[in-house]
Structure formats: structure tokens, C-alpha cells
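Trainee: My structure is below; once you've seen it, I'll send some questions.
Numbering (my numbering), first residue to last: 1368 to 1640.
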């Protein structure tokens, strides 16, 4: 919800002073908070998830949390600080800790989806809904982790979140550095998915753009700590953005110089077909 409604409403409020947009932000934050579970220590992402492998439709037995949810927390922090609502702020921070402990692997790659038992708060299963397989790393989800944990540090100043963002970014960048394909700074859609054409794999430019945003947030967080490390993240972010722009690409990486040079690689989640 946060990254669906917040960019437009917050920008409108900041630029025009629109009370309606400000109220919309508040309504969205409190609607999101209504999905909070103190037992799980997280906000429910989805009420159901259905595909050819599983079917979760009962909120009494399944509590679904996705890595994307890290980018909803900015909404809670924004409204929480504006309204002096400590409960919203605490929900956001606790959710981030829960995601860090349960959705990230030991190497700081990420699962996409974790299913909790809503009665006990215990993890029932870790899986994917948009990646290739449960134990692979969906690149856009990893990018959400980088950006979400970096932004959480900006709000909380808790260095555990900055360290987590950096480690998630190190994993992401390590996968790009190991890539043998053309334009390696434009990520493949899933880092471990097999590719029919390894030199021109299926990519996801949105993952690169989100990760670049996260690197810039890490840069902001490190500015007062270590200028040289901060500059490195800023330069890498710039390379990510430039990597998206030389020309338009199809899903398999073929260039099309006739198209506008903004949207490049968009991956289809067709691995279930």
C-alpha cells in the first residue's frame, strides 16, 4: 500500500499543501496498521496467495508477509511522526526486525514470501510467489530489501538496519559482478533462474532502479560515518541508473533503438506456465 499511494499523495501534499492528500496518507497508514499482528510482530501483506503449488486462503491459519512490505514502512513512519503516533512508529520498526530475522537468509539474500502461524507467530514456510523457486533470489525482492532497510535506518538511526541494507546490497552487487551477460548492471529477473540464452537473459530493469534508490539511501546513511564508503554506493547507484538507459530492450535483452530510452527490461512472471 505504501509505495502505491504514498508517492503521489505525499508529493501533492508537499507541493500544494493539499489537506485531502494529507488525509489520504493518514487513512492509508492507519488502514495498513489495522493488519498488524502483535503475535507475529508484523503487518499482514496478503490475505491469500494461490498458485499451482499452494493455496493460502484462510487468514485464521496463515499470515503472509512479503519482502516488498519493507517499502510500506516509510508510510507508517511519515504519518507516525507527523501525528506523534508512537504506535505506528513501533509497528514499523518491529515489522522490520521480524522481516530481517525471518525473510533474509544467512548470506543476506531474500525469500519472497514467509507464511506465519497467526496463533503462535512461528514460521510455517518460506517460499516464493514471484521468483523462480523457493530457494532462489528474486532480484526485485532483493532490491526492495536494500531500499526498505536503508530507509528504515534513515528513520530510526538504528545501525542494525543500515548494516542489513549494506549486506543485502553486497549480495545484489555480487550477483551482478558474477554475471557473464551483456549489460550486467541490468539485473536478471531471478539471480539463480536458468537462462535459455545466458548472454541475453530475461531481465528486470525495475530491480536495478529500486536497488539504485537503495544505494543512494545507504549513501545518505553513511555520509556522517564514512565518506569513502558513501561515495562508493553513490557511484554504484549512478551506474545502475545509467545501465537502464542506453536504449530500450525487450524482455530477452534485444535492443530496440526506435523506442524511447526510459523503460528497458520488464520481466514477465511466466515461470509457472
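Beta carbons are placed, not taken as given, at the ideal position from N, Cα and C, and that holds for glycine.
All values derive from a computational prediction rather than experimental measurement.
What are the boundary residues of the beta strand (DSSP E) that includes residue 1458?
Mentor: Unbroken run through residue 1458 is the alpha helix (DSSP H), 1453-1469; no beta strand (DSSP E).
Trainee: Would you tell me roughly how many angstroms separate the C-alpha atoms of residue 1439 and residue 1568, rounded to the nearest one?
Mentor: Each residue's Cα considered, the two are about 30 Å apart.
Trainee: Kindly indicate which residue of 1537, 1549, 1527 and 1545 has the alpha-carbon position closest to the one of residue 1468.
Mentor: Cα-wise, what sits closest to residue 1468 is 1527.
Trainee: Mapping DSSP to helix, strand and coil, what is residue 1570?
Mentor: Here residue 1570 sits in strand by DSSP.
Trainee: How about residue 1442 and residue 1391: are their beta carbons less than 7 Å apart?
Mentor: Contact: no.
Trainee: Assign residue 1482 to buried or exposed, taking buried as 16 or more other Cβ atoms, counted over all protein chains shown, within 10 Å of its Cβ.
Mentor: Its Cβ being crowded by 16 or more others within 10 Å, residue 1482 is buried.
Trainee: Mark residue 1375 as exposed unless 16 or more other C-beta atoms lie within 10 angstroms of its C-beta, in which case mark it buried.
Mentor: Residue 1375 should be labelled exposed.
Trainee: Taking 7 Å as the cut-off, decide whether the C-beta atoms of residue 1477 and residue 1558 are in contact.
Mentor: It is not a contact, given that the beta carbons lie outside the stated cut-off.
Trainee: Just list the residues that DSSP pairs residue 1482 with in beta bridges.
Mentor: Bridge partners of residue 1482: 1431 and 1492.
Trainee: What did DSSP end up calling residue 1553 once you bin it into helix, strand or coil?
Mentor: Here residue 1553 sits in coil by DSSP.
Trainee: Does the Cβ of residue 1570 have 16 or more other Cβ atoms within 10 Å, making it buried, or fewer, making it exposed?
Mentor: With 16 or more Cβ atoms within 10 Å of its Cβ, residue 1570 is classed as buried.
Trainee: Does the separation of the CB atoms of residue 1410 and residue 1462 fall below 7 Å?
Mentor: A contact, by the Cβ cut-off of 7 Å.
Trainee: Does DSSP put residue 1393 in a helix, in a strand, or in coil?
Mentor: Of the three classes helix, strand and coil, the one that applies to residue 1393 here is helix, per DSSP.
Trainee: Helix, strand or coil for residue 1375? Go by DSSP, reduced to three states.
Mentor: Correct three-state label for residue 1375: helix.
Trainee: Does DSSP classify residue 1416 as helix, strand or coil?
Mentor: Strand.
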